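Numbering (full-length UniProt numbering), first residue to last: 1 to 741.
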DNA sequence: CACGAGACTTAGGATTGAGTAC
DNA sequence: GTACTCAATCCTAAGTCTCGTG
C-alpha cells in the first residue's frame, strides 16, 4: 500500500515543475482538427460557444403563436380554467409573447425537517453504537438490539445453523456485513445520514513497478531509457495500443501534452512526435504478464484471492450506526489515461496518482480516524453526517469530486432506492392528471408552457432523460430532452415508423441524437397532432444547432414537476414507466402453464421491452456472429432430426407409432426452443438488460412474479441483485398480499 | 437568482471467473 | 486438464438534481 515511491506525484514534486510550456502548437491542432470518427454524424467537434447555451435565443413569438392550428387566444380561456395550481393565469395574459425566462425559482421550502420525529429511537441507537465504536474491529454485536424477531433471511443457510449453536462461531461472520433490516425500523429525520461512522479509509493503488531492463521503449527506432515518471505513463499508453483510443487525434494530442509534462528535460527535448514512439516492447511485456497471471497455479491464484479477501475485510467494511456495511469502491482509482467516451475533448489526458494528501476522510467524531499510509497524512478529516461518503478526492482531469461510498446492499443506499420506487408509485397515482395537464398545456398561449408540455410529453412517452446543460470543453456533445437541438429532430406529416412497415403513420417525429455515454437515440414516433404542430412551431426559423426548447431548462421543468407532486422530477418518469412496463408485460407474457425456462424467457422479454424503452444498448460482442453461426448450425441439425423423425413416424405402425410420435414431438419441441433462443439472442444483440434491472425496475415486481409463478428468484436475480434488494425480497415474501407496483 | 460545486444515481465497457465443451 | 464462452462483477465516466453563494 505504500505509495511513496511513485514517480507520479501530483503535488509539488519535481516532475510537476514543467507546465504546459511550448505546447501551444499542439493545443491549436486539437481545435482545428476534427478529432472524432467521421462515421458518427454527431461526432463532429464544431466548437460551440460555451455561452450559447446559457443565453438561449430570446425570440419573439408573436407571429409564431398565431399560426398554430388554431388561434391562441381561444386557448387562454381554457388554460385559466384548467386549475388553480398554476399560479397567476391572468398576469400571464400579456405573457403571450415570451419574455426572458422568468423563473419562480424559490421552491426553497425544501422538505428538510418536515417529516417524522422518531428521535427517541435514534438516540437509543446512537448511544449503543458509540460504545461499538471504541474498537470498531471485530466484535460480536451480531444480533444487536434484539431486532431479529425472526430468523434472518440471510443468504447463507449454514450461517443460521451456526448462529444457534454457539456464539463462538460468530468469529466467522465478523468479516462480513451484518444484516440490517432497516426497513423494519423508523426513519431518521431528514438531512442526517448517520450518527456514527467508522471505516479504514481507502486502499491506494499499488506503487509503480518499473519495467525490467530488457523491455525497451524506442524513439525513432532507437532504444531510449525513460525516467521513471515518463516510463509509467508510457506504460499507460502501451495499454491502449490495441484500443480505438490510440487512433483518435484528440486522445493522442492530449496524451502527448500531458506525458511531456512528466518527462525529464532531455526527454522532452527529444520526444516530440508520438508517431515516432515505439511502445511495442512494453505492450508485449504487458501481454506476457497477463499470460503469466492466467497460467498461475491453483495455489498462486488462491493466494491472490486470499490477499484480496484480506483487503476486503479491512477496507471493504464500514461501521455505520453500529452496523457493519459493505463499502463499494474502497480502491482509489489508479493512475492512467482518461477514457472519456464519445467525442470527449479530454480523452487521453493523464489521471494522476492519488495520494493520501489528496484525500478527505469523513467519519464519526468519536470514531477512530483511519491511519494514512506511513509517512503520509490526509488532506483533511471531517465529520459531516449530512453526507454519505467515507472518503473523497478531486479528480484531476475534470476537477470533479470522487467519492468512496457504501455498497448498494447498505441501508443508506437501500433506503434511498426504496424511496425512489415509492416516489414512482406515487407518480402512478397521479399520472393521469399530469397527462391531462400537459395535454391541455399544448395549447397554452405561453411559449414556455407549451414547450414544457411537449417536453414532458416526450419524457413521459419516450422515457427521455432530462438533458441538463453541459460545458462544451469539459464533455462530449450529448443531449437529453431539454437540450435537444433542431438538428436532432425531423418531422414528417406521414411516414413509416420502420423500414419494413406497410402503412404510413401521420404526424411522425424522428429523433436522432447522442444521449448519455454518446449512445445514439434513434426513434420515429407517431405523436398527437397538437404535439406535431407544436414541434414544427418550435423548429421554425431556427438553425440546426439552436435549441428545440429554447424557453425551457431542466431547473424550471423540475420546479414545475415539484409543484405537481412532492419529490417529482424528470427521472421519476423513467423509473415509473420502466416499472409499469415490466409489470404490464409480465402479465401479458407469462403463461402459468409454461415451464420455468419459458417463464424466464417471458421475463426476459418483458425486461427487454423496458431496456428498449430506456434505450439501454450495448456493443455487439465480438463473438456474436460466431455464436449465432453455431446456433444456426444447431438449428439446421435439429431440423434434419425432425425430418428424420417425421419419416420414421410415417412408416411406423402399432406401438412403434406411438413411440415415434413421442420422439417427433420431443424433437419438434427442442427445435422450437432453439428457435426461440435464436430470436432471443438476436433481439438481445444490442440490448442491455442489466441497467434497467439494477436501476429502474421496482424489484418487488420481479420478486412477486417469481413467487407467484414458482420461479426460483436466483434465476432472475444474481447474488448481487439479491443483496441489493434484500429489503424488497423481505417485504414481498413476508406479505400475504400480492405486490402491485 | 443564475451558476457552479457537490453529492448521489445511472451507465456501458473491461475484467474476472464459473460453467461448459472439448 | 485445457479452451472457450458468457454472465457476473468491477470500474469509473456521465448523467441528474440540490444547495449554497456572490
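Note that beta-carbon positions come from the ideal geometry of N, C-alpha and C, so glycine has one too.
Being a predicted model, the structure only gives us computed values, none of them experimental.
Own chain, CB closer than 8 Å to residue 379, minus 5 neighbours either side, in chain order: 356, 357, 358, 359, 360, 393
Cutoff 6 Å; reference residue 635; Cβ partners in own chain excluding five residues on either side: Excluding sequence positions up to five before and after residue 635, its CB lies within less than 6 Å of the CB of 674, all in the same chain and listed in chain order.
Local conformation of residue 443 per DSSP, three classes: Secondary structure of residue 443 (DSSP, three-state): coil.
Residue nearest to residue 422 in terms of C-alpha spacing, selected from 572, 270, 652, 609: 572
Where residue 698 sits in the DSSP three-state scheme: Coil.
Residue 544 burial status per 10 Å Cβ neighbour count (16 or more: buried): exposed
Rounded distance between the beta-carbons of residue 553 and residue 486, thought under 8 Å: Actually they do not touch by this definition, with Cβ atoms about 17 Å apart.
Residues near residue 551 by beta carbon distance below 6 Å, same chain, minus five either side: 98, 447, 448, 451
Spatial neighbours of residue 397 in its chain, beta-carbon cut-off 7 Å, leaving aside the 5 residues before and after: 338, 346, 349, 351
Helix, strand or coil at residue 485 [DSSP, three-state]: strand
Per-residue DSSP class, three states only, for residue 223: strand
Cβ-based burial, residue 729 [other Cβ within 10 Å; buried from 16]: buried
Backbone CA spacing between residue 124 and residue 324 [nearest angstrom]: Residue placement at residue 124 is poorly supported in this model, since its pLDDT is 33, which falls under 50; the coordinates are not used for a value here.
Residue burial classification, residue 716 (beta-carbon count within 10 angstroms, cutoff 16): Counting C-beta atoms within 10 angstroms of its own C-beta, residue 716 has 16 or more neighbours from the protein chains shown and is therefore classed as buried.
Helix, strand or coil at residue 510 according to DSSP, with G and I counted as helix: Looking at residue 510 - three-state DSSP - the assignment turns out to be strand.
Beta-carbon proximity list for residue 381, same chain, < 6 Å, skipping 5 on both sides: 361, 369
Closest by C-alpha distance to residue 439, when choosing among 527, 476, 684: 527
Neighbour-count burial assignment, residue 601, 16 or more Cβ in a 10 Å radius: buried
Pairwise C-alpha distance: residue 187 and residue 723: Distance between the alpha carbons of residue 723 and residue 187 is about 21 Å.
Whole-angstrom distance between residue 466 and residue 441, CA atom to CA atom: 19 Å
Which listed residue (524, 638, 477) has its alpha carbon closest to that of residue 491: Nearest option by C-alpha distance: 524.
Through-space distance from residue 310 to residue 176, alpha-carbon basis: Their backbone Cα atoms lie some 12 Å apart in a straight line.
Residues bridged to residue 617 (per DSSP): 687
Meets three-Cβ-pair contact criterion under 8 Å: the stretch 279-291 and the stretch 381-391: No, they do not touch.
Any non-hydrogen atom of the ligand NAP within 7 Å of residue 503 CB: Of the ligands one can find in the structure shown there are none, so the ligand NAP has no counterpart to examine.
Where residue 377 falls: helix, strand or coil (DSSP): coil
Neighbour-count burial assignment, residue 484, 16 or more Cβ in a 10 Å radius: buried
Residue 509 classed as buried or exposed, judged by whether at least 16 other C-beta atoms fall within 10 angstroms: buried
Sheet register partners of residue 391 (DSSP bridge): 361, 404
Contact between the stretch 609-616 and the stretch 691-709 (3+ Cβ pairs under 8 Å): yes
Residue environment, residue 596, which counts as buried when at least 16 other CB atoms sit within 10 Å: exposed
Same chain, Cβ closer than 7 Å to residue 193, neighbours up to 5 away in sequence not counted: 385, 386, 387, 388, 412.
Local conformation of residue 600 per DSSP, three classes: Secondary structure at residue 600: helix, using DSSP grouped into helix, strand and coil.
First through last residue of the beta strand (DSSP E) which encompasses residue 521: 520-526
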